[in-house]
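Undergrad: The structure is given below, and queries will be raised subsequently.
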Amino acid sequence: MEKIDILSLSLAELETKILSMGEKKFRAKQIFEWLHVKKVRSFDEMSNLSVQFRERLSGEFCINQLFVARRLESDIDNTVKYLYRLSDGCFVETVLMEYKHGMSLCVSTQVGCKMGCRFCASTIAGFERNLEPSEILGQVYETERDSGKKVSGIVLMGIGEPLDNYKNVLKFLELVSAPEGNNLSLRHVTLSTCGIVPKIRELADLRLGLTLSVSLHCPDDKGRSEIMPVNNVYNISELMSATREYIEKTGRRVTYEYAVIDGVNSDRKSAQKLASLLHGINCHVNLIPVNAVKERNYKSSRGSALRFSEYLTEMGINSTVRRTLGSDINAACGQLRREASE
Ligand code: SAH
Numbered sequence: 000m001e002k003i004d005i006l007s008l009s010l011a012e013l014e015t016k017i018l019s020m021g022e023k024k025f026r027a028k029q030i031f032e033w034l035h036v037k038k039v040r041s042f043d044e045m046s047n048l049s050v051q052f053r054e055r056l057s058g059e060f061c062i063n064q065l066f067v068a069r070r071l072e073s074d075i076d077n078t079v080k081y082l083y084r085l086s087d088g089c090f091v092e093t094v095l096m097e098y099k100h101g102m103s104l105c106v107s108t109q110v111g112c113k114m115g116c117r118f119c120a121s122t123i124a125g126f127e128r129n130l131e132p133s134e135i136l137g138q139v140y141e142t143e144r145d146s147g148k149k150v151s152g153i154v155l156m157g158i159g160e161p162l163d164n165y166k167n168v169l170k171f172l173e174l175v176s177a178p179e180g181n182n183l184s185l186r187h188v189t190l191s192t193c194g195i196v197p198k199i200r201e202l203a204d205l206r207l208g209l210t211l212s213v214s215l216h217c218p219d220d221k222g223r224s225e226i227m228p229v230n231n232v233y234n235i236s237e238l239m240s241a242t243r244e245y246i247e248k249t250g251r252r253v254t255y256e257y258a259v260i261d262g263v264n265s266d267r268k269s270a271q272k273l274a275s276l277l278h279g280i281n282c283h284v285n286l287i288p289v290n291a292v293k294e295r296n297y298k299s300s301r302g303s304a305l306r307f308s309e310y311l312t313e314m315g316i317n318s319t320v321r322r323t324l325g326s327d328i329n330a331a332c333g334q335l336r337r338e339a340s341e
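Going by numbering that gives the first Met the number 0, the sequence shown opens with residue 0, and the numbers climb by one from there.
Written out as structure tokens, the structure reads:
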């Protein structure tokens with residue numbers, strides 16, 4: 000019989016399991032604390048439980064672990080990129096970034112990605128599998144352990160499409176914010192999507208406090224479909240109405256991501272189309288000079304992004320040019336891969 004992945008269980012689920020083992024309910028809370036507050040990696044460390052009970056626990060459950068396969072530290076900023084090996088030998092990348100207000104972690108949600116965005120490295124080796132809640136959470140806990148730093152913000156912007164692994168991502172959000180556990184407010188979490196419309200709607204109904212970030216990248220269907228195949232399934236007008244609904248239901252401002260690519264979407268006309276698309280929407284535009292991916296030929300510069308930002312300002316749309324972190328270690332947006340060899 001396969002052991003149960005205990006780090007993927009909510010406190011309520013753990014209580015049910017512990018009760019069914021004939022133990023008292025409060026034991027579940029103690030175990031949950033060991034796992035999510037003290038963040039131990041073995042049942043042996045749970046010193047307020049009897050040796051016998053700990054043995055029973057390790058017979059029934061496993062504590063899913065990630066191993067640091069490689070750690071790359073940026074010379075230009077304090078960004079650290081981790082390559083994690085999962086229990087089945089797959090790999091994912093995680094990026095730790097330092098900001099004025101604390102440490103932010105960019106986590107992966109899938110091994111590879113099916114979405115096929117032309118400018119993104121994560122999609123090149125294809126899709127392997129979804130990450131378990133414990134494996135998304137494990138990136139947070141293992142990075143904290145390795146770096147000795149507390150993660151105070153999380154962006155779901157690593158490898159994979161979070162809304163294509165909806166169930167496990169929601170479970171991760173529940174676990175990472177559990178008051179009896181890690182207790183990170185979802186206000187400090189951003190989920191980025193390429194635009195899986197039905198899931199944006201489902202997420203809106205949950206009214207979680209997180210920030211939704213939408214990867215738009217192009218203001219017209221023809222151009223967007225060329226660089227983002229998902230647009231053939233959910234086009235811009237469907238995407239815009241879903242995000243408008245999200246804003247209405249949650250009262251939260253949405254962020255639109257726009258990777259500025261020279262000769263593709265960086266001209267004044269694109270800015271005009273973008274401005275009319277976003278007119279009257281409570282949003283912010285994040286401009287990213289497209290990052291280099293060796294298999295692709297897309298180019299940009301901070302200059303192009305700044306110019307595009309000026310066009311938008313003239314048209315009454317707020318935007319910021321995102322600071323690129325960790326580009327010397329291929330840790331910037333769209334540069335993450337699921338391979339051990341690079
Ligand atoms: N699948 C999700 C989250 C992962 S990507 C999504 O699509 O939103 C995180 C962000 O980086 C997205 O906005 C993505 O479009 C952007 N991105 C991907 N490749 C990039 C590149 N080469 N340069 C700049 N941004 C890129």
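In this text, a Cβ means the ideal position worked out from N, Cα and C, and glycines have one as well.
Taking 9 Å as the cut-off, decide whether the C-beta atoms of THR210 and VAL253 are in contact.
TA: yes
Undergrad: Is any non-hydrogen atom of ligand 1 found closer than 8 Å to the C-beta of PHE118, if you look at the structure I gave you?
TA: Relative to ligand 1, PHE118 has its C-beta within less than 8 Å of a heavy atom.
Undergrad: Is GLY111 close to ligand 1? I mean its beta-carbon at under 8 Å from any heavy atom of the ligand.
TA: No; taking the cut-off as 8 Å, the Cβ of GLY111 has no heavy atom of ligand 1 nearer than that.
Undergrad: Is CYS193 near ligand 1 - that is, is its Cβ less than 8 Å away from at least one heavy atom of it?
TA: yes
Undergrad: Beta carbon of LEU48, beta carbon of GLN29: below 9 Å?
TA: In this structure, GLN29 lies closer than 9 Å to LEU48 by Cβ.
Undergrad: Could you have a look at TYR98 and say whether DSSP puts it in helix, strand or coil?
TA: strand
Undergrad: Count the other CB atoms within 10 Å of the CB of PHE171; is the residue buried (16 or more) or exposed (fewer)?
TA: buried
Undergrad: May I ask you to verify whether the region 51–59 touches the region 296–313, counting CB pairs closer than 8 Å and requiring at least 3?
TA: Inter-segment contact for the region 51–59 and the region 296–313 is absent: fewer than three beta-carbon pairs are separated by less than 8 Å.
Undergrad: Terminal residues of the continuous alpha helix (DSSP H) containing GLN51?
TA: Annotation: the continuous alpha helix (DSSP H) that includes GLN51 extends over 50–59.
Undergrad: Quick one: what's THR192 bridged to in DSSP?
TA: VAL213
Undergrad: For the beta strand (DSSP E) containing LYS149, list its first residue and its last residue.
TA: Neither: LYS149 is in no beta strand (DSSP E) and is coded neither H nor E.
Undergrad: Could you tell me which residues DSSP puts in a beta bridge with PHE126?
TA: DSSP lists GLY111 as the bridge partner or partners of PHE126.
Undergrad: May I ask you to check if the CB of VAL91 is nearer than 8 Å to at least one heavy atom of ligand 1?
TA: no
Undergrad: Would you kindly report the start and end of the unbroken alpha helix (DSSP H) that includes ILE75?
TA: Note, ILE75: premise wrong, no alpha helix (DSSP H); not H, not E.
Undergrad: Is the region 224–234 close to the region 97–116, with three or more CB pairs under 8 Å?
TA: Result yes; three or more Cβ-Cβ pairs closer than 8 Å.
Undergrad: From which residue to which residue does the alpha helix (DSSP H) around ILE235 run?
TA: 235–249
Undergrad: Closest to PRO197 by CA distance: which of GLU32, THR242, GLU173 is it?
TA: Selected option, being the one with the closest Cα: THR242.
Undergrad: If I measure Cβ to Cβ from MET96 and keep anything under 6 Å in the same chain, skipping five residues before and after, which residues do I get?
TA: THR78, SER103, LEU324
Undergrad: DSSP has CYS332 in a bridge; who is on the other side?
TA: Its beta-bridge partners do not exist; DSSP assigns none.
Undergrad: Which term fits HIS100, buried or exposed, when burial requires 16 or more other beta carbons within 10 angstroms of its beta carbon?
TA: So HIS100 ends up on the exposed side.
Undergrad: Helix, strand or coil for ILE62 per DSSP?
TA: coil
Undergrad: Using DSSP with H/G/I as helix, E/B as strand and the rest coil, what is ASN285?
TA: strand
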